[in-house]
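Data block below; observations after.
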Amino acid sequence: MSAPRLELRGISKTYGATHANMDIDLVVQPGEIHALLGENGAGKSTLVKIIYGLVKPDAGEMLWEGREVDIADPNAARALGIGMVFQHFSLFEALTVAENIALGLGNREDPCALALRIRATAQRYGLAVDPQRHVHHLSVGERQRVEIVRCLMAEPRLFILDEPTSVLTPQEVEGLFAMLRRLAAEGCSVLYISHKLEEIKALCGAATVLRSGRLSGRCDPRIETPTAMAELMIGSTLPACGRVAAARPGAVCLQVNGLTLPPDEPFGTHLHDISLDLRACEIVGIAGVAGNGQKELLAALSGERLALRDDAVVIGGIHCGQMGAASRRKRGLAFVPDERLGRGAVAEMSLADNALLTGGASAMVGQGIIRFGRLRDFARRIIDEFRVKAAGIDAPASSLSGGNMQKFIIGREIGANPRVLLAAHPTWGVDIGAALAIRQQVIALSDSGVGVLIVSEDLSELFEICDRIAVLSEGRLSPPRDARATTINEVGLLMGGMHEGLGDEGRAHAA
Amino acid sequence: MLWLSPLIAVVASVAASAVLFAALGRNPLVALYTMFIAPLGTVLGLTELALKATPLLLCAVGIAVGCRANVWNIGAEGQFTIGAICGGGVGLLWGDQPWVLVPMLLAGIAGGMAWAAIPAFLRTKCNAHEILTTLMLSYVAVQILGWLVHGPWQDPDGFNFPQTKQFTPEATLPLLIEGARVTIGALFALGVVPLAWVLLGRTMTGYRIRVAGLAPGAARYAGFSGDGVVWFSLLLGGALAGMAGICEVAGPVGQLQPIISPGYGFTAIIVAFLGRLNPVGILFASLLMALEYLGGEGLQMDLQLPQAATGVIQGMLLFFLLAADVLILYRPRLSEVRHA
Amino acid sequence: MPDGGILLAMLVATLRAATPLVLAGLGELVTERAGVLNLGIEGMMLVGAAVGFMATVATGNPALGMLAAMLAGAAMALVFGFLTLSLLANQVATGLALTIFGIGLSALLVVDYQGHPITGLATVISPGLSQASPMVQQLLLIDPLVVLALVLPFVVQWFLGRTRAGLVVRAVGESHDVAFALGYRVIRIRYLCVVFGGAISGLAGAYLSLAYTPMWTENMVAGRGWIALALVVFSTWKPVLLAVGALLFGFVTIAQFQAEAMGINVPSQLLATLPYLATIAVLVLISRDATRTKLNAPAALGRSFHAST
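Protein chains in written order, with our numbering: chain E, 62 to 572; chain B, 26 to 365; chain D, 1002 to 1310.
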């Protein structure tokens, strides 16, 4: 057998007190689709950044086709034949597809010849891209195709993809997998980073599993059961969360009536005629691929943007469409935003100060003067009740891990005794333990009589805790369906914009 | 830790001043003594210090409240000037009335607020950034003052000098100490310090300002009015700068003339940063910067060094402060950069 | 009806008044296209004006004076770059510090040279000017820097839009994280743009002290650096549009003198407020459409970059 395409030996990387990678070995064979598996924060991203020359390891060696190499920067990585598709920020919005690809290739090539080459490569792998379009006009899936084409044009021998499917519909995922299999058949190695076990089982021939920065095991995902792989990933058996039985829904607490809103940002989504009823004791999920109007819908519901009509948003029977966020909060709305630092909390401020962010109308403020005693008590209560790991209430928000900050924000919002809780991606980027705790809190809250609306990209999470699921696609919301009577595949079709056809069927159902 | 970098910056700028003086062919020790020690040697010197610190303190507190809200009011000089014009106008009109000082002060404050209201309006309604508008309005204000003292308000008995009549004793702020120039304006400035401290640290308004400045997204999320914060901080800054302006002309200057400030409104930006945007810190920073003004005058008289040397030292102080801040507060970030 | 001579005089005067704005504006435009907001243009122009003046007095050669001014502006920009790019200090605060520092430094530097007569740029190029006809005299006022200001916008537009290096600059200004991930040296590219901006701002300052009014007066840039900054926003970061804006401003400045010459009785101080008021008006007109500004502004403008993100 020839030398492996890539071999890592004892790679370590430390940031301050955190060991992002500790003594990691990895072997990728030619033509192999190799999974790098681990939950958020396990060190996958750091490891691939080391391979791609973006981060320098503190220790360890790297062998490329049997030869020891030192990859100083991404140019060196590309020169070896390593290509990478990033999870985030990898295209320039304001530039054209061709310009983006030219920047990624690093050699001077005539623009016309380049455009021809782009089309040729795209056709060969069944990826439709138009070189002259500006990236900001493209959908998320199209953007990913641009990135993939950019990598393929350099004819890589190792192709790295970081969580590529989180932005795709289930149908688009199938297309991606077909392309990757063809690439592997041509002899290119693929390093596929994910925490989704089903995907890895369907696609990969080998897997390396990381847990808190260390190597926790290797396996053949075609043979191994998902449960065994999950154990390697988490270190213990997965506790189930599951909603035992939905409580009986109560009165309508949040009503959205024909909400239509043009975008306020250059590349935003237009919301079209969105209607939805949310009842007390009920959890409704809104699924969809990011960029289909989630941000706009959340802003319109939270009051950060005003609706055009006052009756477009009704909270507890009161027309709130033209009310700002603070007024809607007084009517009983609580909101957990998707960005924790910078939106849900102020990074530089202490937890105590952050506890006041949405409590301006509470007893913590009297005559415009802050009552620090009450404020500090409230902050302490959140930390105790929601088991937030923090150095104390004077610790700055930026010192907390993502999961703990999320628990604090959810605790603060629940502490306001809302009648409606709006939560965006509540467990995104949160470790499994904290995610479980957050889901349980959300369920307990709804059981206590609160209506909960969750906007998320994580379909399995939505199916786990929601009573009804609706899909947001291109700014339109499908009628919600009973979560127990719907399959992931059906929702996937709706996410892919099959809105019109299924919408009729949905309406027929409702009638 | 927070106060370490201003200290480092001050020490570094004193050291750099010594180098500067040596480069200009003066004995650095003598020059440093003239600049930083000599003015403090006499009671009169101390009163002059308070006199110069007053406008700096008032303007800087306003600027600092703005900066906390991420509103860059760098046109305090213009608000100062319009405050002086409005208050001074009242003083010229009704200078013989017994209580004319009160309407003068109010007119000064209102004038500063009105001048600051323009950028506030342009920012909230037209999205025009306040850095440019406040600054442009400063140039306009200085020209308006020039026009008034050359034209309509010129003293007819002033041998055609570009200046107004002297303010009457009724229209002049009472002196704090007989024989010195410092007026009760210094007490106003001193009173502003605790008020601003309470505002920023203890009230919901101050909390809104801080959140808006640190994380505009969080302010929107919380439902704080972004426009409200812009209006509040600009009007407050304008009011304080306007008050500084009228206190200056109804005090040491004693009339309106083309130049009524050696750039207090701009130096106050440095004062605000040096004082960590904290009212108490600004009190000390304004005294230090006033000392540099006094010392600069001493240098000019005793060592024939140009007044501009003060400007260079002030600029360096701000550079050192920015650098020291980064080196002290964000050291871990820097080490990461080196690794990557 | 003004005759051809007056029209020509007005045209030339407009060009000359626009030249420093075009030059400084282009420097800032390139800097901002790379994602860096340098509010120290005024300070860099002042130091350029002072150093250019001194070097011309010392050497008697305005060309050397301009070279010295460019070096001085570049040195000022390096200070800014070191603080904001290497130490990651706040760009707005550092830019303000640079302007305050520049006002003081320029005044301090020139002290020993103040009042020295120099031969202006135009006189050097065409000795024997006094014998020529008035028309020719006017044309001879179009010195090399005016020509540069007419050509450079097109060069910069071509550079940013058509060359690979320009594409890289735009990419860095659009998203430093992506550019870094693709292997571009973000900090180095930004340093180059900042230093270019400083050098050309220094040159713009030297134009004022060597050609526009061949002498030195304290604070002689008089807010032109800030007007140049407004022009960058006005042009929506497009070089040729910036030149058009600068010409409009040049015309406003000239109109002020023309009004006086034509006997319109408005006090000179009030006329002097025109460029500043025009700046505000332009800023308001252009910023009112928030979407348009957002769409054209470099997305990473003013944000510090450190590689660990």
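We treat Cβ as the ideally placed atom computed from N, Cα and C, and that holds for glycine.
Beta bridge counterpart(s) of residue i as assigned by DSSP
{"i": "Thr75 of chain E", "result": "E:His80"}
{"i": "Glu129 of chain E", "result": "E:Leu124"}
{"i": "Asp438 of chain E", "result": "In the DSSP output, where bridge partners are listed per residue, Asp438 of chain E has none listed."}
{"i": "Glu68 of chain E", "result": "E:Val88, E:Leu124"}
{"i": "His195 of chain E", "result": "E:Thr157"}
{"i": "Gln573 of chain E", "result": "Nothing can be reported for residue 573 of chain E, as the shown portion of chain E is limited to 62 through 572."}
{"i": "Val513 of chain E", "result": "E:Ile344, E:Leu482"}
{"i": "Phe220 of chain E", "result": "E:Gly144, E:Val251"}
{"i": "Thr269 of chain E", "result": "E:Leu97, E:Arg279"}
{"i": "His380 of chain E", "result": "E:Val375"}
{"i": "Gly427 of chain E", "result": "E:Ile430"}
{"i": "Phe1081 of chain D", "result": "According to DSSP, Phe1081 of chain D bridges with nothing at all."}
{"i": "Arg529 of chain E", "result": "E:Val345, E:Asp543"}
{"i": "Ser534 of chain E", "result": "E:Arg537"}
Closer than 9 Å to chain B by CB, residue i
{"i": "Val426 of chain E", "result": "yes"}
{"i": "Pro324 of chain E", "result": "no"}
{"i": "Arg389 of chain E", "result": "yes"}
{"i": "Met1002 of chain D", "result": "Unreliable positioning characterises Met1002 of chain D in this predicted model, as indicated by a pLDDT of 46, which lies under 50. The coordinate reading is nonetheless provided below. No - not a single Cβ of chain B is within 9 Å of the one on Met1002 of chain D."}
{"i": "Ile112 of chain E", "result": "no"}
{"i": "Arg404 of chain E", "result": "yes"}
{"i": "Asp414 of chain E", "result": "yes"}
{"i": "Gly377 of chain E", "result": "no"}
{"i": "Pro487 of chain E", "result": "no"}
{"i": "Gly1224 of chain D", "result": "yes"}
9 Å Cβ cutoff, residue i in contact with chain D
{"i": "Ala163 of chain E", "result": "yes"}
{"i": "Val362 of chain B", "result": "Residue placement at Val362 of chain B is poorly supported in this model, since its pLDDT is 37, which falls under 50; the coordinates are not used for a value here."}
{"i": "Phe344 of chain B", "result": "yes"}
{"i": "His570 of chain E", "result": "Note on His570 of chain E: pLDDT 39, under 50, position unreliable in the model; the coordinate value appears next. His570 of chain E does not count as touching chain D."}
{"i": "Leu115 of chain E", "result": "yes"}
{"i": "Ser151 of chain E", "result": "yes"}
{"i": "Arg194 of chain E", "result": "no"}
{"i": "Gly336 of chain B", "result": "yes"}
Interface residues of chain B facing residue i [CB-CB closer than 8 Å]
{"i": "Leu418 of chain E", "result": "Val236, Ala243, Tyr246, Ala247"}
{"i": "Ala1112 of chain D", "result": "Residue identity differs from the one stated: residue 1112 of chain D is Val in this sequence, not Ala. Result: Pro331, Ala333."}
{"i": "Thr1280 of chain D", "result": "Leu157, Met161"}
{"i": "Leu1271 of chain D", "result": "Gln168, Ile169, Trp172"}
Test: residue i CB closer than 9 Å to a CB of chain E
{"i": "Val255 of chain B", "result": "no"}
{"i": "Arg233 of chain B", "result": "yes"}
{"i": "Ala1300 of chain D", "result": "yes"}
{"i": "Thr230 of chain B", "result": "yes"}
Within chain D, the residues that residue i reaches when beta carbons sit closer than 8 Å
{"i": "Asn136 of chain E", "result": "Gly1184"}
{"i": "Leu367 of chain E", "result": "Under the 8 Å cutoff, chain D gives no residues; its nearest Cβ is about 16 Å from Leu367 of chain E."}
Interface partners of residue i on chain E, CB under 9 Å
{"i": "Thr149 of chain B", "result": "By Cβ distance, chain E contributes nothing, its closest Cβ being about 15 Å from Thr149 of chain B, past 9 Å."}
{"i": "Thr67 of chain B", "result": "Correct list: empty, because the minimum Cβ distance to chain E is about 43 Å."}
{"i": "Ala240 of chain B", "result": "Leu402, Gly403, Arg404, Ala406, Val407, Ala408, Glu409, Met410"}
Chain-ordered chain E contacts of residue i [CB-CB under 8 Å]
{"i": "Leu1168 of chain D", "result": "Leu156, Glu160, Ala163, Leu164"}
Where residue i meets chain D, residues with beta-carbon distance less than 7 Å
{"i": "Phe220 of chain E", "result": "Residues of chain D passing the Cβ test: none, with the nearest at roughly 16 Å."}
Amino acids of chain D, ordered along the chain, whose beta-carbon sits closer than 9 Å to that of residue i
{"i": "Gln188 of chain B", "result": "By Cβ distance, chain D contributes nothing, its closest Cβ being about 14 Å from Gln188 of chain B, past 9 Å."}
Chain-ordered neighbours of residue i on chain B, where CB pairs are closer than 9 Å
{"i": "Ala484 of chain E", "result": "None at all; the shortest Cβ gap to chain B is about 13 Å."}
{"i": "Tyr1277 of chain D", "result": "Leu160, Met161, Leu162, Ser163, Tyr164, Val165, Gln168"}
{"i": "Ala1289 of chain D", "result": "It is Arg, not Ala, that sits at residue 1289 of chain D in the sequence shown. The answer, in chain order, is Lys150, Cys151, Asn152, Ala153."}
Residue i: contacting residues in chain E (beta-carbon distance under 7 Å)
{"i": "Arg227 of chain B", "result": "Ile430, Ile431"}
Let me know the alpha helix (DSSP H) ranges lying completely inside the region 1173 to 1198 of chain D, each 4 residues or longer, listed in chain order.
You should have 1177 to 1182.
Closer than 8 Å is the cut-off here; do at least three beta carbon pairs connect the region 1036 to 1050 of chain D with the region 1220 to 1228 of chain D?
With a cut-off of 8 Å, the region 1220 to 1228 of chain D and the region 1036 to 1050 of chain D count as touching, because enough Cβ pairs lie within range.
Taking the runs of the alpha helix (DSSP H) that are 4 residues or longer, which of them lie wholly in the region 1253 to 1282 of chain D?
Inside the region 1253 to 1282 of chain D, DSSP marks whole alpha helix (DSSP H) runs of 4 or more residues at positions 1269 to 1273, from first to last along the chain.
Could you say if the region 1198 to 1209 of chain D and the region 1072 to 1080 of chain D meet the contact criterion of at least three C-beta pairs nearer than 8 Å?
Contact holds: three or more Cβ-Cβ distances are below 8 Å.
On the three-pair Cβ rule with 8 Å, is the region 1236 to 1248 of chain D touching the region 1289 to 1298 of chain D?
By the C-beta criterion, the region 1236 to 1248 of chain D is judged to be in contact with the region 1289 to 1298 of chain D, since at least 3 inter-stretch pairs fall below 8 Å.
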